[in-house]
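Report on one structure; see the data block that follows.
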Amino acid sequence: MSEVILQIDGKEVSATEGMTVLQAARSAGIFIPTLCYHEKLEPFAGCRLCIVEAEASGESRLIVSCVSAVEKDLVIKTRSERVDRIRKTLLELLLAHAPDSPKLQDLAVEYGADKNRFEKDASFCVHCGLCVRYCAEVVKKNAVGFVGRGTKKEICFVPEIASVECNDCKECFPLCPTSYLQAAFVLTEALAFPNTSSEPDSE
Amino acid sequence: MDIERIDQIIDSHRGEASSLIQILLEIQRENGWLPREALDRVRERLQVPVSRIQHIVTFYKAFSLVPRGRHQVHICVGTACHVRGATRILDKVEEITGIKAGETDLDLKFSVETVGCVGCCALGPVLEVDGKTHGKITPTETAAVLKSYE
Chain A
1 MSEVILQIDG
11 KEVSATEGMT
21 VLQAARSAGI
31 FIPTLCYHEK
41 LEPFAGCRLC
51 IVEAEASGES
61 RLIVSCVSAV
71 EKDLVIKTRS
81 ERVDRIRKTL
91 LELLLAHAPD
101 SPKLQDLAVE
111 YGADKNRFEK
121 DASFCVHCGL
131 CVRYCAEVVK
141 KNAVGFVGRG
151 TKKEICFVPE
161 IASVECNDCK
171 ECFPLCPTSY
181 LQAAFVLTEA
191 LAFPNTSSEP
201 DSE
Chain B
204 MDIERIDQII
214 DSHRGEASSL
224 IQILLEIQRE
234 NGWLPREALD
244 RVRERLQVPV
254 SRIQHIVTFY
264 KAFSLVPRGR
274 HQVHICVGTA
284 CHVRGATRIL
294 DKVEEITGIK
304 AGETDLDLKF
314 SVETVGCVGC
324 CALGPVLEVD
334 GKTHGKITPT
344 ETAAVLKSYE
């Protein structure tokens, strides 16, 4: 593996070939905000918050750092007026769906995002896919998946699998940026297997 | 649709998980919809998670998880048909069939669906029944067209 030297926020960073810009930045201790990224999972490029400005041979373009490989002599700016403006709008759009998510609120303060800019459409899920991908890639149970498309897309537990696997796992719960996952699970449990988890409580 | 026929379809794709969509499409085409038993069989044979099947069959409009009628009625509500009075055609269809767009009647005769543009805007408003296009249609003609189907 050959080494690649690039510049992130004015700092020389050495990275291994094949690494993403996001990984390189993290390894150098430079923070890039993310919502759908998880180190154990394949990059998803769903939230787009990790967008950064990349300069190569005099031209500046916007790249999504979690799916962009490092290149020699790349000059990355993780904060700029352009990047901040895009992140602000993205956050405002996400906040229309999950206005009370602590993770989104923290980022909103940082980027000056106004959670009332867009009409509220509280679906709570922001489609980061962390639960779906964690269950498929790490736990390998596929107890939760996406259904639908576009504005009607949502996460959905598979009752037959969830009733057997989820009560002893729940590893995806802390990953959810909005807590909608927990709500979806409780709903599935109440509808499809109401008696299985009440037993341990009655001790 | 019996399990043997589903197995035949799966076998014709050598049971490969990468042919999941093609297999589902063939079952959909022959059976008109995807019953749960069929999906369970596909899942067992291809060894794919049920969440992936769910994702696919709810993503593509070509798939239906509920029984469909013998005749597929499509009313174009694209921009051109809309300004040429597609809503009146839709109202008429809903009045005759007694169901709303997206539904199937109890006799499984008609499934009514609104569609985007069907690509012949000059013929708007357009009504499609089982793939046959009826252009420049009026509410009165709509009634006659639907009556000709059993």
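Residue numbers (our numbering), protein chains in the order written: chain A, 1 to 203; chain B, 204 to 353. Positions of the beta carbon are idealized from the N, C-alpha and C atoms, including for glycine.
Next item on the list: Pull up the CB-CB distance for B/Val315 and B/Ala304, whole angstroms please, since I reckon it's below 8 Å.
Entry: 5 Å
Checklist line | C-alpha gap between A/Lys115 and B/Leu227, whole angstroms | finding: 42 Å
Margin query: Any beta carbon of chain A sitting closer than 8 Å to that of B/Val253?
Written below: yes
Check: To the nearest angstrom, how far is it from the Cα of B/Gln211 to the Cα of B/Arg248?
Finding: 11 Å
Next item on the list: Return the CA-CA distance between A/Lys72 and A/Thr20, expressed in angstroms with no decimal places.
Entry: 12 Å
Note to self: Using a Cβ-Cβ cutoff of 7 Å, what residues of the segment 256-284 of chain B are near chain A? List them in chain order.
What the structure shows: Gln257, His258, Thr261 and Phe262
Check: Name the chain B residues that come within less than 8 Å of A/Gly145, Cβ to Cβ?
Finding: Pro252, Val253, Ser254, Arg255, Gln257 and His258
Next item on the list: Classify B/His277 as helix, strand or coil using the three-state DSSP reduction.
Entry: strand
Notebook entry, point to check: Among B/Ile340, B/Glu344 and B/Ala289, which one has its Cα closest to the Cα of B/Val318?
Noted result: B/Ala289
Check: Name the DSSP bridge partner or partners of A/Ile5?
Finding: A/Ser14
Notebook entry, point to check: Going along the chain, which residues of its own chain have a beta-carbon closer than 8 Å to the beta-carbon of A/Cys50, five neighbours each way excluded?
Noted result: Leu22, Ile32, Pro33, Thr34, Tyr37, Val64, Ser65 and Cys66
Checklist line | Identified DSSP bridge partners for B/His337 | finding: B/Leu330
Next item on the list: Give a yes or no on whether the minimum CB-CB distance between A/Val138 and chain B is below 8 Å.
Entry: no
Notebook entry, point to check: Excluding sequence positions up to five away, which residues of its chain have a Cβ less than 8 Å from the Cβ of B/Val348?
Noted result: Leu330, Val332, His337 and Ile340
Next item on the list: Find the residues of chain B that neighbour A/Gly148, judging by a C-beta separation of less than 8 Å, and give them in chain order.
Entry: Thr261 and Phe262
Check: Where A/Leu290 and A/Cys128 are concerned, what is the direct C-alpha to C-alpha distance, given to the nearest angstrom?
Finding: Residue 290 of chain A lies beyond the range of chain A shown here (1 to 203); nothing can be said about it.
Check: In chain B, which residues lie with their C-beta within 8 Å of the C-beta of A/Val164?
Finding: Within 8 Å Cβ-Cβ: nothing; A/Val164 doesn't reach chain B, min ~13 Å.
Next item on the list: Could you check which residue in A/Asn167, A/Cys125, A/Leu90 and A/Thr78 has the C-alpha nearest to that of A/Lys141?
Entry: A/Asn167
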